[in-house]
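Heads up, the thing below is written out as structure tokens.
Residue numbers (this note's numbering): 832 to 1130.
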């Protein structure tokens, strides 16, 4: 990775990976039940991390070992998901920190993440995203010279760091969307634990674990991944309303085409009129995103 994740402290990606692993193990590993599915899941979460760390920031000569590591890590998760279909007993295991401590930790990390999203230099943010056009050397499409003139006027008076004011408005919009996506995703995770499982502490634990993961730090300014993720988790919150869930899943698919596979998957979850409402709204949302991308240059 080009540059350190925390420049003043000299914390590189390898050290950050170890710190996040230790943090998650300290908070969620059940030392009284070492051989448990929960401990296995916690360790499996970090299985693809080394491969992803090898790829982030590599402008050329990306090692094939990293892709092999990612493939094996995801294969392990596929096997774990298939095994989960046969599990009937899932005992409740409390985290090693009480709800007050998790709340304090979640708010602190979320605040730091949002602050870093705004203040992170553009080059460092692009280096964390292997799909960024600047990393691959691609040229972004050029629109009219004065197309961003109104936005530039607003940026001049906005209370934002100078390093961001001097960059394209698209960068600013991406940073704002990434910050809102992080907030929405954390809130949605907490609501899922509260409403669906009747245990707010479970949602808080998942939100804390999410904020600690190295993947979250890598994709900190990548609204292309954060926004669809927030929409999908929010769709789980409102799954009892097929139209609203369809709109969210459709928008997620229109934002990131990899999410389009969720449309038939969710459609199979509903029955009768619910499935019809979901599929029709989701399809309409995807079509609307497609039309918008074709009519708005550079969107």
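Ideal placement from N, C-alpha and C gives every residue a C-beta, glycine not left out.
Self-check item: Contact between the segment 915-924 and the segment 893-900 (3+ Cβ pairs under 8 Å)
Solution: no
Exercise. Could you tell me the boundaries of the alpha helix (DSSP H) in which residue 947 lies?
Key: 930-950
Quiz item: Excluding five sequence neighbours on each side, which residues of the same chain lie with their C-beta closer than 8 Å to the C-beta of residue 848?
Solution: 877, 880, 881, 884, 1045
Practice problem: Could you check what DSSP says for residue 863 in three-state terms: helix, strand or coil? | Solution: coil
Quiz item: DSSP three-state call for residue 970: helix, strand or coil?
Solution: Residue confidence is low: residue 970 scores 48 on pLDDT, short of 50, so the model does not pin down where it sits. Its coordinate-derived value is still stated next. In the structure shown, residue 970 sits in coil (DSSP, three-state: anything other than H, G, I, E or B).
Self-check item: Span of the alpha helix (DSSP H), counted from its first residue to its last, around residue 879
Solution: Counting along the chain, residue 879 falls outside any alpha helix (DSSP H), and DSSP gives it neither H nor E.
Quiz prompt | Under the three-state DSSP convention, the category residue 1071 falls into | solution = coil
Quiz prompt | Where the alpha helix (DSSP H) through residue 1038 begins and ends | solution = 1031-1043
Quiz item: Just the Cα atoms here: how many angstroms apart are residue 1041 and residue 845?
Solution: 18 Å
Practice problem: Given a cut-off of 8 Å, decide if residue 1005 and residue 945 are closer than it, judged by their beta-carbon atoms. | Solution: no
Quiz item: Taking the C-alpha atoms as reference points, what is the distance between residue 942 and residue 1011?
Solution: 12 Å
Quiz item: Where does residue 1104 fall in DSSP's three states?
Solution: helix
Practice problem: Compute the Euclidean distance between the alpha carbons of residue 973 and residue 1106, then round it to the nearest angstrom. | Solution: Legend: pLDDT at residue 973 = 46, less than 50; position of this residue unreliable, value from coordinates given subsequently. When rounded, the distance between both Cα atoms is 42 Å.
Exercise. Look at the alpha carbon of residue 976 and the alpha carbon of residue 1001, and state the distance between them as a whole number of angstroms.
Key: In this predicted model, residue 976 has a pLDDT of only 44, less than 50, meaning its place in the structure is not dependable; the value taken from the coordinates is given anyway. Residue 976 and residue 1001: Cα-Cα distance of roughly 14 Å.
Self-check item: Where residue 977 sits in the DSSP three-state scheme
Solution: Note that residue 977 scores 47 on pLDDT, short of 50, meaning its location in the model is unreliable; the coordinates nonetheless yield the value given after this. It is coil, neither helix nor strand.
Exercise. Work out the CA separation of residue 1117 and residue 773 for me, nearest whole Å.
Key: The structure shown does not extend to residue 773, since the chain spans only 832 to 1130, so no value can be given for it.
Quiz item: Distance, Cα to Cα, residue 1047 vs residue 1110?
Solution: 31 Å
Exercise. Would you decide whether residue 866 is buried or exposed? Buried here means 16 or more other CB atoms lie within 10 Å of its CB.
Key: exposed
Quiz item: DSSP state of residue 923, grouped into three classes?
Solution: coil
Quiz item: Applying the criterion that 16 or more other CB atoms from any shown protein chain within 10 Å of the CB defines a buried residue, is residue 1050 buried or exposed?
Solution: buried
Exercise. Take residue 1067 and list the residues in its own chain whose beta-carbon comes closer than 7 Å to its own, dropping the five residues that flank it on each side.
Key: 1023
Quiz item: Do you know how far the Cα of residue 949 is from the Cα of residue 912?
Solution: 36 Å
Exercise. Could you tell me the boundaries of the alpha helix (DSSP H) in which residue 906 lies?
Key: 895-915
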